[in-house]
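A.B. asks:
2 protein chains.
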Amino acid sequence: MKPLNQNTEDAVSAIYAQLREMAASFAFKPGERINESALSRALGASRTPLREALNRLVAEGFVDFHAGRGFFCRALSETRIQHLYDARVAIECEAVRQATQRARPADLDAIELALDQSHDEYQTCTNPIRLMELDEAFHMQLTALSENAELQSLLATIYDKIRFVRTADLRRLQATGRSTTHRHKRIIAVMRTGDGMAASEAMRAHIQDRAQHAAEAVRLAFADIYAPKEASE
Amino acid sequence: MKPLNQNTEDAVSAIYAQLREMAASFAFKPGERINESALSRALGASRTPLREALNRLVAEGFVDFHAGRGFFCRALSETRIQHLYDARVAIECEAVRQATQRARPADLDAIELALDQSHDEYQTCTNPIRLMELDEAFHMQLTALSENAELQSLLATIYDKIRFVRTADLRRLQATGRSTTHRHKRIIAVMRTGDGMAASEAMRAHIQDRAQHAAEAVRLAFADIYAPKEASE
DNA sequence: AGGCACAGCTTTGCATGCATTGCAAGGTTG
DNA sequence: CAACCTTGCAATGCATGCAAAGCTGTGCCT
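First to last, the protein sequences are chains G and W.
Heads up: the first sequence is residues 1 to 233, going by the UniProt record's numbering.
Heads up: the second sequence is residues 1 to 233, going by the UniProt record's numbering.
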């Protein structure tokens with residue numbers, strides 16, 4: 001059995017990956033119309049594969065599509081951010097509950113080791129993007145222990161949507177000299193007791209704590225960088 | 001002010017809606033390759049809008065795309081069904097928790113009334129599709145009380161994916177002469193106490209009870225209707 | 001007999017083009 | 001002067017066509 005040409009990525013998938021990264025890093029202004037011709041030129045492809053990729057983003061909620069008018073970057077209202085954080089709570093709490101039942105001590109050791117190893121970098125890191133990657137890695141690793149591909153992919157999509165917000169939040173958190181490492185270690189500790197419910201509640205408290213701050217961070221960040229016309233939707 | 005042409009649905013959205021319905025009702029055999037030319041002819045459109053719609057389904061996980069080989073109906077392994085049910089638990093439990101806090105008594109009255117009104121139809125209905133619609137309506141109404149659009153859309157996608165399985169399950173449930181109405185009413189009753197945690201646990205128990213039976217139902221249904229080549233993925 | 005290679009046919013991948021529609025600027029009228 | 005209509009441009013919507021890649025069936029070789 002040959003590996004086929006899995007390596008020869010097709011244009012649509014390549015464009016999709018680029019667009020998703022652009023969307024996650026807010027290369028498009030919220031509410032802004034996306035010009036297909038210009039974007040296809042910028043990406044070195046034609047409009048057909050670009051539109052196919054954009055339709056994937058529509059299904060994922062990164063982009064809105066209005067018949068006859070085209071594609072628009074989806075605005076992130078404060079309400080929607082709250083909804084996304086609640087969805088995140090739903091998925092991560094269930095994932096950690098499952099993970100508590102499934103995970104072997106060695107799995108938890110591995111995650112805790114990763115936390116310890118990144119702790120120094122966490123303290124000294126000045127790049128908020130990297131900060132966010134470290135934080136996100138913990139949550140994704142933990143969710144992976146649930147061994148549920150659906151939960152993992154749902155969570156990955158949510159993280160892509162709130163990444164901008166979380167970056168702003170973590171930047172402010174670090175500015176206060178604190179880190180999330182010890183909070184993460186506490187969650188692992190609860191998981192070791194084998195009480196899935198308690199672990200789930202610990203995760204809930206952790207995320208909702210950040211949601212509070214994120215709501216404030218986004219207000220500042222939005223004012224700073226963009227002027228999102230409060231989408232009437 | 002004209003209504004614009006919001007009513008004039010564009011071809012891509014129309015095709016997408018049809019495809020999603022076809023996918024939910026398993027008009028494509030699991031693992032089967034989707035022939036673009038034939039399908040576009042059948043739908044009365046050309047391949048371009050069809051491919052755009054298919055790319056939305058790719059993002060939602062209904063369809064797999066392999067570069068150079070085309071689109072394939074995604075197979076539903078037993079493992080994946082379990083994962084989807086767990087994802088459903090995650091979302092519905094959080095939604096019911098939020099709903100318990102938000103919902104006014106009148107909201108719960110409305111849902112309970114709908115349950116009572118459909119109870120007779122539930123008992124006498126012989127169409128499993130209709131049976132499933134009634135059951136699904138309750139869960140979606142309840143989730144809507146969370147007032148979280150993200151949770152609602154995630155749940156709708158999951159329901160579309162497991163609809164076939166649930167239809168088989170509910171058919172068998174009804175054959176035993178029982179219904180889910182009283183289970184649903186019990187969940188509402190717990191919500192009235194205002195204890196979100198308890199309501200969440202009641203919902204969890206309800207779904208996981210059905211998940212047990214669904215796993216068995218799918219084994220039978222798969223054997224009956226399709227011969228899904230256990231996708232090596 | 002089994003497997004490999006090649007040829008042809010089918011299907012996908014994507015660029016292009018044209019019709020249609022939205023959008024905006026300028027002109028006209030009350 | 002403001003509101004409405006008109007007209008031109010630009011961008012979308014989608015069908016089509018061609019090149020490239022996959023699939024299949026046949027015949028040859030081992």
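Virtual Cβ for every residue (Gly too), placed ideally from N, Cα, C.
Could you spell out where the beta strand (DSSP E) holding G:ASP64 opens and where it closes?
C.D. replies: On the first sequence, position 64 is the one that residue 64 of chain G refers to. Here the beta strand (DSSP E) through G:ASP64 covers 63 to 66.
A.B. asks: With respect to the alpha helix (DSSP H) encompassing G:CYS73, which residues constitute its N-terminal and C-terminal limits?
C.D. replies: Indexing the first sequence from 1 puts residue 73 of chain G at position 73. From DSSP, G:CYS73 is part of no alpha helix (DSSP H) but of the beta strand (DSSP E) over 70 to 73.
A.B. asks: Between G:ARG163 and G:ALA24, which are expected to be in contact by the criterion C-beta below 8 Å, what is the C-beta distance as a whole number of angstroms?
C.D. replies: The sequence position of residue 163 of chain G within the first sequence is 163, counting from 1. The sequence position of residue 24 of chain G within the first sequence is 24, counting from 1. Yes, they are in contact, since the Cβ atoms of G:ARG163 and G:ALA24 sit about 5 Å apart, within 8 Å.
A.B. asks: What does W:ASP10 touch in chain G if you count any residue whose Cβ is under 8 Å from its own?
C.D. replies: On the second sequence, position 10 is the one that residue 10 of chain W refers to. Simply ALA67, GLY68.
A.B. asks: Is G:ASP86 buried or exposed, if buried means 16 or more other CB atoms sit within 10 Å of its CB?
C.D. replies: On the first sequence, residue 86 of chain G is found 86 positions in, with the first residue counted as 1. Result: buried.
A.B. asks: Around the Cβ of G:ILE188, are there at least 16 other Cβ atoms within 10 angstroms (buried) or fewer (exposed)?
C.D. replies: Looking up residue 188 of chain G in the first sequence gives position 188. Residue environment analysis places G:ILE188 among the buried positions, since at least 16 neighbouring C-beta atoms fall within 10 angstroms of its C-beta.
A.B. asks: Out of G:LEU151, G:ASP109, G:GLU147, G:TYR159, state which residue places its alpha-carbon closest to the alpha-carbon of G:GLU133.
C.D. replies: Position 133 of the first sequence, counting from 1, holds the residue named residue 133 of chain G. Per the C-alpha coordinates, the member of G:LEU151, G:ASP109, G:GLU147, G:TYR159 positioned closest to G:GLU133 is G:TYR159.
A.B. asks: I need the straight-line Cα distance from W:GLY194 to W:ASN148, nearest angstrom please.
C.D. replies: Counted from its first residue, the second sequence places residue 194 of chain W at position 194. Counted from its first residue, the second sequence places residue 148 of chain W at position 148. So the two alpha carbons sit approximately 19 Å from each other.
A.B. asks: Once you ignore the five residues that flank G:ILE91 on each side, which residues in its own chain have a CB closer than 8 Å to its CB?
C.D. replies: As a working mapping, residue 91 of chain G is identified with position 91 in the first sequence. Correct list, in chain order: THR143, LEU151, LEU154, LEU155, ILE158.
A.B. asks: Would you call the stretch 171 to 183 of chain W in contact with the stretch 123 to 140 of chain W, where contact means no fewer than 3 C-beta pairs closer than 8 Å?
C.D. replies: yes
A.B. asks: W:VAL218 and W:VAL165 look like a contact to me (Cβ under 8 Å); what is the Cβ gap, rounded to whole Å?
C.D. replies: Translated into the one-based positions of the second sequence, residue 218 of chain W becomes position 218. Translated into the one-based positions of the second sequence, residue 165 of chain W becomes position 165. The pair is a contact, with the Cβ atoms about 5 Å apart (cut-off 8 Å).
A.B. asks: How far does the alpha helix (DSSP H) with G:PHE26 in it extend, from its first residue to its last?
C.D. replies: Locating residue 26 of chain G in the first sequence gives position 26, where the first residue counts as 1. Where G:PHE26 is concerned, there is no enclosing alpha helix (DSSP H), given that its DSSP letter is neither H nor E.
A.B. asks: If contact means a Cβ-Cβ distance below 9 Å, which residues of the stretch 36 to 57 of chain W contact chain G?
C.D. replies: THR48, ARG51, GLU52, ALA53, LEU54, ASN55, ARG56, LEU57
A.B. asks: Among residues of its own chain, excluding the 5 on either side of G:GLN101, which ones have a beta-carbon nearer than 6 Å to its beta-carbon?
C.D. replies: For this step, residue 101 of chain G is matched to residue 101 along the first sequence. GLY196, listed in sequence order.
A.B. asks: Report yes if the C-beta distance between W:LEU145 and W:ALA114 is below 8 Å; otherwise report no.
C.D. replies: Position 145 of the second sequence, counted from the start, is the residue given in the question as residue 145 of chain W. Position 114 of the second sequence, counted from the start, is the residue given in the question as residue 114 of chain W. Their beta carbons are not under 8 Å apart, which means W:LEU145 does not touch W:ALA114 by this criterion.
A.B. asks: On the CB-based measure, 16 or more other CB atoms within 10 Å of its CB, does G:HIS182 come out buried or exposed?
C.D. replies: Residue 182 of chain G sits at position 182 when you count from the first residue of the first sequence. By the neighbour-count rule (16 or more Cβ atoms within 10 Å), G:HIS182 is not buried but exposed.
A.B. asks: Check G:ARG33 in the structure and name its three-state DSSP category.
C.D. replies: Taking the first sequence and counting its residues from 1, the one referred to as residue 33 of chain G is at position 33. Correct three-state label for G:ARG33: strand.
A.B. asks: So with Cβ pairs under 8 Å, would you call G:ALA198 a contact of chain W?
C.D. replies: The residue you call residue 198 of chain G lines up with position 198 of the first sequence. With 8 Å as the cut-off, G:ALA198 does not count as an interface residue toward chain W.
A.B. asks: Compute the Euclidean distance between the alpha carbons of G:GLN98 and W:HIS83, then round it to the nearest angstrom.
C.D. replies: One-based indexing of the first sequence puts residue 98 of chain G at position 98. One-based indexing of the second sequence puts residue 83 of chain W at position 83. About 11 Å.
A.B. asks: Could you check which residue in G:ASP120, G:VAL63, G:LEU19, G:ARG210 has the C-alpha nearest to that of G:PHE72?
C.D. replies: What you label residue 72 of chain G is simply residue 72 of the first sequence in a count that begins at 1. Closest option to G:PHE72, judged by alpha-carbon separation, among G:ASP120, G:VAL63, G:LEU19, G:ARG210: G:VAL63.
A.B. asks: Relative to chain W, which residues along the stretch 98 to 117 of chain G have a C-beta separation below 9 Å, given in chain order?
C.D. replies: GLN98
A.B. asks: Starting from G:GLU92, trace the alpha helix (DSSP H) in both directions and tell me its first and last residue.
C.D. replies: As a working mapping, residue 92 of chain G is identified with position 92 in the first sequence. G:GLU92 -> alpha helix (DSSP H) spans 78 to 102.
A.B. asks: At the 8 Å Cβ level, is W:GLU230 part of the contact set with chain G, yes or no?
C.D. replies: By one-based count along the second sequence, residue 230 of chain W stands at place 230. Below a pLDDT of 50, predicted positions are generally treated as unreliable, and W:GLU230, at 39, falls in that range; the measurement from the model is reported next regardless. Judged by the 8 Å Cβ criterion, W:GLU230 is not in contact with chain G.
A.B. asks: Tell me which same chain residues have a C-beta within less than 8 Å of the C-beta of G:LEU4, skipping the five on either side of it?
C.D. replies: What you label residue 4 of chain G is simply residue 4 of the first sequence in a count that begins at 1. At G:LEU4, the pLDDT of 33 sits below 50, so the modelled position is not reliable; the number obtained from the coordinates is stated separately. None.
A.B. asks: Run the CB neighbour count on W:GLY31, radius 10 Å, all protein chains shown included, and call it buried at 16 or more, exposed below.
C.D. replies: On the second sequence, position 31 is the one that residue 31 of chain W refers to. W:GLY31 comes out buried.
A.B. asks: Can you pull the chain W residues whose beta carbon is under 8 Å from the beta carbon of G:ALA168, in chain order?
C.D. replies: Counting from one through the first sequence, the residue named residue 168 of chain G turns up at place 168. Here the premise fails: no neighbours, minimum Cβ distance about 20 Å.
A.B. asks: Would you check if there are 3 or more beta carbon pairs closer than 8 Å linking the stretch 39 to 58 of chain G to the stretch 8 to 22 of chain G?
C.D. replies: Yes: the two stretches touch, three or more of their Cβ pairs being nearer than 8 Å.
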